[in-house]
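Per this note's numbering, residue 376 is the first one in the sequence shown, and the count goes up by one each step.
Think of the CB as a built atom: it goes at the ideal place given N, C-alpha and C, for glycine as much as any other residue.
Please read all numbers here as calculations on a predicted model, not as lab measurements.
Remarks on the structure that follows.
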Amino acid sequence: TDVNMDKCWYLLNGVITTLTNCQNTTIVAQNGSNNLTVYANDTGKNIGSSQVIFNIDMGAPLTTINPNGTNWTDNNIPFTLSCTDANGCRNTEYKIISGECNASNLINGTSDNITCNDVCQKKVCYRSIDILGNVESLKSSLLFKIDKQPPVTTDNSDSLWHNSDLLITLSAIDNGSGVFDTKYCVYNSLDSQCIPITSGLGVNISCTLGNECIKIIRYYSTDNAGNIENIKESNVVRINKTAPSILINSP
Numbered sequence: 376t377d378v379n380m381d382k383c384w385y386l387l388n389g390v391i392t393t394l395t396n397c398q399n400t401t402i403v404a405q406n407g408s409n410n411l412t413v414y415a416n417d418t419g420k421n422i423g424s425s426q427v428i429f430n431i432d433m434g435a436p437l438t439t440i441n442p443n444g445t446n447w448t449d450n451n452i453p454f455t456l457s458c459t460d461a462n463g464c465r466n467t468e469y470k471i472i473s474g475e476c477n478a479s480n481l482i483n484g485t486s487d488n489i490t491c492n493d494v495c496q497k498k499v500c501y502r503s504i505d506i507l508g509n510v511e512s513l514k515s516s517l518l519f520k521i522d523k524q525p526p527v528t529t530d531n532s533d534s535l536w537h538n539s540d541l542l543i544t545l546s547a548i549d550n551g552s553g554v555f556d557t558k559y560c561v562y563n564s565l566d567s568q569c570i571p572i573t574s575g576l577g578v579n580i581s582c583t584l585g586n587e588c589i590k591i592i593r594y595y596s597t598d599n600a601g602n603i604e605n606i607k608e609s610n611v612v613r614i615n616k617t618a619p620s621i622l623i624n625s626p
């Protein structure tokens with residue numbers, strides 16, 4: 376202060392502004408780093424100044440998630456949240472959801488696991504707050520997809536006798552990641568069990584003319600998450616292509 380104050384002005388980030396009032400003046404600075412020097416002179420042309428360098432943070436922090444969702448897997452999925460901010464992050468909060476992303480019941484933390492007992496599709500709802508109290512808008516991750524249930528495969532065989540070759544149909548369903556493949560093999564009932572290596576859903580059971588055949592189908596399916604069904608066996612498939620014999624007793 377000076378009783379002989381003449382005028383005052385300031386230099387903010389290289390821009391000079393003359394003040395009409397040297398007291399109770401509001402100066403609007405930019406977001407980020409600022410360099411302010413205030414000048415004043417009196418009627419004797421004496422100049423005084425004062426400098427201050429300061430930061431203004433009006434921006435919210437930025438939070439990322441890794442991984443941001445996954446394709447189908449048969450395992451629980453760990454994830455990590457990372458916050459960046461020019462002046463520093465105070466805390467990150469999140470919750471694992473199957474529905475709406477909102478601010479209720481958020482917990483503090485930067486890592487967790489997506490868990491599931493059978494088939495699940497979940498997201499992570501998250502945000503961060505910086506040391507000045509700027510709050511990031513809520514974000515929602517992409518879907519984390521977990522399928523721990525193997526497919527279920529059935530067949531339409533029966534145990535009846537048939538007089539011609541048969542086409543047995545295998546049907547596979549999976550309510551999670553979907554069926555990836557079905558494999559089968561066929562063996563004679565008196566032989567050792569076979570290992571399913573042929574892909575497909577239609578199984579041709581044949582028997583040469585003049586023979587009687589008893590066969591069994593072994594099969595299983597896998598899904599897109601890597602779950603493997605236990606091997607199953609069909610009913611015994613019976614085909615009889617022998618001609619009946621006729622015995623005539625002469626009188």
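According to the DSSP assignment, residue 548 belongs to the beta strand (DSSP E) that extends over 541 to 548. When the Cα atoms are used, residue 550 and residue 494 turn out to be separated by approximately 8 Å.
Judged by their CB atoms, residue 462 and residue 432 are nearer to each other than the 8 Å cut-off. Under the 10 Å beta carbon count, residue 545 is surrounded by 16 or more other beta carbons and is classified as buried.
The DSSP assignment places 486 to 489, 494 to 505, 519 to 522, 527 to 530 as complete runs of the beta strand (DSSP E) inside the stretch 483 to 530, in order along the chain (cut-off: 3 residues). With contacts defined as CB atoms closer than 8 Å, residue 519 and residue 444 qualify as a contacting pair.
In summary, residue 454 is buried, with 16 or more beta-carbon neighbours lying within 10 Å of its beta-carbon over all protein chains present. The alpha carbon of residue 589 has as its nearest neighbour, out of 402, 510, 562, 548, the alpha carbon of 562.
Per DSSP, residue 433 lies in no beta strand (DSSP E) and is assigned neither H nor E. In the DSSP assignment, the residues bridged to residue 613 are 536, 589.
The C-alpha of residue 619 is placed about 23 Å away from the C-alpha of residue 565.
Between residue 586 and residue 542, the alpha-carbon positions lie close to 18 Å from each other. DSSP lists 414 as the beta-bridge partner residues of residue 424. For residue 384 and residue 414, the gap between their C-alpha atoms comes out near 5 Å.
Between residue 499 and residue 471, the C-beta spacing is below 8 Å. By DSSP's assignment, residue 458 forms a beta bridge with 438. Per the coordinates, the alpha-carbon of residue 557 lies some 13 Å from the alpha-carbon of residue 570.
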